[in-house]
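Each remark here refers to the structure printed beneath this line.
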Amino acid sequence: MSHHHFTRDDRIKLETLKSQGLSNRQIAQILGFHKSSIGRELRRNSVRGRYCSTAADRLAINRRQEIERKKKLDHPPLLRYVISKSYEYWSPEQISG
Numbered sequence: 558m559s560h561h562h563f564t565r566d567d568r569i570k571l572e573t574l575k576s577q578g579l580s581n582r583q584i585a586q587i588l589g590f591h592k593s594s595i596g597r598e599l600r601r602n603s604v605r606g607r608y609c610s611t612a613a614d615r616l617a618i619n620r621r622q623e624i625e626r627k628k629k630l631d632h633p634p635l636l637r638y639v640i641s642k643s644y645e646y647w648s649p650e651q652i653s654g
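So the sequence shown is residues 558 to 654, counted in the working numbering.
This is the structure we're talking about:
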């Protein structure tokens with residue numbers, strides 16, 4: 558099993574297999590994920606207890622975009638400090654230390 562995110566295709570297959578009554582373990586074996594990844598996907602991206610691949614994909618994309626927005630450095634003085642030290646060839650460890 559390799560580590561990768563669920564794709565839209567994975568979510569469609571997951572929805573189909575779950576509707577056929579397969580267990581998380583069986584679905585994991587078919588899709589190549591760990592059984593806990595299947596459970597986590599179902600828990601995070603179900604709406605009102607029901608898993609819909611389209612809604613799940615939208616929720617996952619929104620969550621990923623929100624994380625990217627939070628990564629921005631919104632503190633102007635700190636941003637100036639980081640930029641100035643990077644121009645002085647400081648390492649990220651030195652800047653954060």
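Ideal placement from N, C-alpha and C gives every residue a C-beta, glycine not left out. Given the structure is predicted, the values throughout are model-derived calculations rather than measurements.
Just checking my contact of residue i with residue j at CB under 8 Å: how many whole Å lie between their CB atoms?
i, j, result
"A585", "N602", "The Cβ separation is near 16 Å, so there is no contact."
"S610", "R568", "4 Å"
Using CA coordinates, which residue listed in the options is at the minimum distance from residue i?
i, options, result
"H562", "K575, Q651 and H591", "H591"
"V604", "E572, Y644, I587 and L588", "E572"
"R597", "A612, N581 and I587", "N581"
From residue i to residue j, what distance separates their C-alpha atoms?
i, j, result
"W647", "D614", "40 Å"
"I652", "L636", "11 Å"
"I655", "Y608", "Outside the modelled stretch of the chain, which goes from 558 to 654, sits residue 655, for which no answer is possible."
"S576", "K629", "40 Å"
Whose C-beta lies closer than 7 Å to the C-beta of residue i among residues of the same chain, with five residues either side of it excluded?
i, result
"L574", "I584 and I587"
"R570", "Rather than Arg, the amino acid found at residue 570 in this sequence is Lys. Cβ neighbours of K570 beyond the five flanking positions: L588."
Start-end ranges of the alpha helix (DSSP H) lying completely within the region 571-632, minimum 4 residues
581-588, 592-602 and 610-627
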